[in-house]
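> I have a structure here, written as structure tokens, and I will follow up with some questions on it.
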């Protein structure tokens with residue numbers, strides 16, 4: 001059993017939390033009015049990207065050494081035409097720079113909330129969580145913790161691949177926003 | 001019926017050509033030793049990215065005004081860890097800059113050759129061609145020309161989205177190269 005702390009209890013936070021719970025882990029949520037508490041082995045940042053900096057400032061010491069999953073898609077919601085992070089970087093890489101002692105892993109940003117709830121994309125293809133991070137043990141710990149959740153997990157490589165995962169997440173959101181796909185559909189992964 | 005000229009007759013060029021032929025279009029291939037000839041309504045650049053510049057130099061006038069489909073994934077094959085185009089741009093955008101009078105569309109870079117042959121990803125989900133380009137008529141012409149091919153086509157937005165399509169193509173290639181997925185699988189699109 002792994003302890004999991006999730007910042008944010010929106011659609012994504014809850015859908016992710018249910019999966020970790022289904023796999024037998026101990027999940028707790030931290031909201032903006034929560035009292036300061038210990039953090040679990042895995043910490044999930046399930047808040048919009050602009051909210052992350054204040055979490056890091058408020059929990060900097062507690063986050064040190066933790067496995068941190070960044071699920072954000074740092075879309076510029078004013079233009080809906082680009083990301084707000086540098087084009088050769090990623091939200092996850094920016095977070096890793098702010099938290100050099102943490103093990104930052106990108107994940108859950110290419111899976112719509114509905115597909116985490118049903119464990120299927122478009123009720124057809126098993127939902128796959130793509131992980132990118134430089135710490136192999138951290139990715140293994142996440143993968144092991146999700147065993148039995150009903151989700152598939154694939155190691156997508158180093159933290160540099162977070163750039164590509166975020167591009168894919170942005171593309172998927174823009175397709176759904178344009179009603180080319182539905183929010184229950186999107187990209188399924190086939191091995 | 002649309003006339004289609006395909007530069008390159010490798011796996012991708014042939015798989016794409018068969019789809020246009022199956023949909024009733026007139027397809028011809030141009031290889032490096034081909035004599036200069038007229039180009040069709042749709043021109044497909046199905047060569048590795050580094051080979052495109054010499055095609056543009058050799059056919060600059062003939063390409064003017066044409067619908068051009070860029071299928072490349074401009075991966076840095078030395079490092080296999082980044083793309084060779086600027087991070088905020090794309091191969092398609094670079095080509096559009098070199099050919100300002102052409103209607104450049106990104107497409108077929110997120111579909112492995114095998115999935116174009118079988119029209120299915122992992123023999124399960126219909127293969128979808130994602131198109132990005134600034135000229136709506138060009139994208140419609142391509143979509144109409146592929147009707148009856150067995151492929152699905154989705155307009156993924158403006159040419160700026162080629163950045164995201166190329167990131168997704170790179171990610172898919174890197175997953176297959178790492179044997180996390182097979183070359184007959186990859187990303188399926190679910191509406």
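Residue numbers (the numbering used here), protein chains in the order written: chain A, 1 to 191; chain B, 1 to 191. Quick reminder that beta carbons are idealized off the backbone N, C-alpha and C, glycines included. This one's a predicted model, so the numbers in the text were calculated from it and none came from an experiment.
Say whether chain B places a C-beta atom closer than 7 Å to the C-beta of residue 27 of chain A.
Residue 27 of chain A sits at position 27 when you count from the first residue of the first chain. No, residue 27 of chain A does not count as interfacial toward chain B.
> Does DSSP put residue 3 of chain B in a helix, in a strand, or in coil?
In the second chain, the residue the question calls residue 3 of chain B occupies position 3. Residue 3 of chain B: strand per DSSP, three-state reduction.
> Residue 54 of chain A lies in the alpha helix (DSSP H); which residues open and close that run?
In the first chain, the residue the question calls residue 54 of chain A occupies position 54. 52-63 is the extent of the alpha helix (DSSP H) around residue 54 of chain A.
> Please report whether the beta-carbon of residue 185 of chain B lies at a distance below 7 Å from any beta-carbon of chain A.
By 1-based counting over the second chain, the position of residue 185 of chain B is 185. Judged by the 7 Å Cβ criterion, residue 185 of chain B is in contact with chain A.
> Residue 1 of chain A: buried (16+ other C-beta within 10 angstroms of its C-beta) or exposed?
The residue labelled residue 1 of chain A in the question sits at position 1 within the first chain. Exposed: under 16 other Cβ atoms inside 10 Å.
> Exposed or buried, which one is residue 88 of chain A when buried takes at least 16 other CB atoms within 10 Å?
If you number the first chain from 1, residue 88 of chain A lands on position 88. Exposed, by the Cβ-count rule.
> Per DSSP, residue 67 of chain A forms a beta bridge with which residues?
Here residue 67 of chain A refers to the residue found at position 67 of the first chain. In DSSP, residue 67 of chain A forms a bridge with A:42, A:103.
> Would you please state the rounded distance, in angstroms, between the beta carbons of residue 127 of chain A and residue 187 of chain A? I believe it to be under 8 Å.
On the first chain, residue 127 of chain A is found 127 positions in, with the first residue counted as 1. On the first chain, residue 187 of chain A is found 187 positions in, with the first residue counted as 1. Wrong, their Cβ atoms sit about 10 Å apart, outside the cutoff.
> Less than 7 Å between the C-beta atoms of residue 185 of chain B and residue 132 of chain B, yes or no?
Sequence index remark: in the second chain, residue 185 of chain B carries index 185 (1-based). Sequence index remark: in the second chain, residue 132 of chain B carries index 132 (1-based). No, these two residues do not count as a Cβ contact at 7 Å.
> List in chain order: all unbroken beta strand (DSSP E) runs of 3+ residues lying wholly within the region 91-162 of chain A.
103-106, 128-133, 152-155, all fully within the region 91-162 of chain A.
> Return the CA-CA distance between residue 138 of chain A and residue 69 of chain A, expressed in angstroms with no decimal places.
Locating residue 138 of chain A in the first chain gives position 138, where the first residue counts as 1. Locating residue 69 of chain A in the first chain gives position 69, where the first residue counts as 1. Near 10 Å, if we compare the C-alpha coordinates of residue 69 of chain A and residue 138 of chain A.
> Would you give the residue range spanned by the alpha helix (DSSP H) that residue 13 of chain A belongs to?
Indexing the first chain from 1 puts residue 13 of chain A at position 13. Where residue 13 of chain A is concerned, the enclosing alpha helix (DSSP H) stretches over 11-22.
> Within its chain, find whatever has a CB closer than 8 Å to the CB of residue 76 of chain A; leave out the 5 residues flanking it on each side and keep chain order.
Taking the first residue of the first chain as position 1, residue 76 of chain A is located at position 76. So the list reads 82, 83, 84, once near-sequence residues are dropped.
> Bridge partners for residue 83 of chain A per DSSP, in chain order?
Taking the first chain and counting its residues from 1, one reaches residue 83 of chain A at position 83. Its beta-bridge partners are A:75.
> In the DSSP assignment, what are the bridge partners of residue 30 of chain A?
Stepping through the first chain from its first residue, residue 30 of chain A is reached at position 30. Answer is A:7, bridged to residue 30 of chain A.
> Assess contact between the region 161-178 of chain B and the region 154-172 of chain A, defined as three or more Cβ pairs (one per stretch) separated by less than 8 Å. Is contact present?
Touching, yes.
> Which residue's Cα is closest to the Cα of residue 80 of chain B: B:191, B:190, B:169?
Within the second chain, residue 80 of chain B is the residue found at index 80, counting from 1. Taking only the C-alpha atoms, the option nearest residue 80 of chain B is B:169.
> Using the Cα positions of residue 163 of chain B and residue 167 of chain A, report the straight-line distance between them to the nearest angstrom.
The count along the second chain starts at 1 and reaches residue 163 of chain B at position 163. The count along the first chain starts at 1 and reaches residue 167 of chain A at position 167. For residue 163 of chain B and residue 167 of chain A, the distance between alpha carbons rounds to 8 Å.
> Are any of the Cβ atoms in chain B nearer than 7 Å to that of residue 88 of chain A?
Within the first chain, residue 88 of chain A is the residue found at index 88, counting from 1. Yes, contact with chain B.
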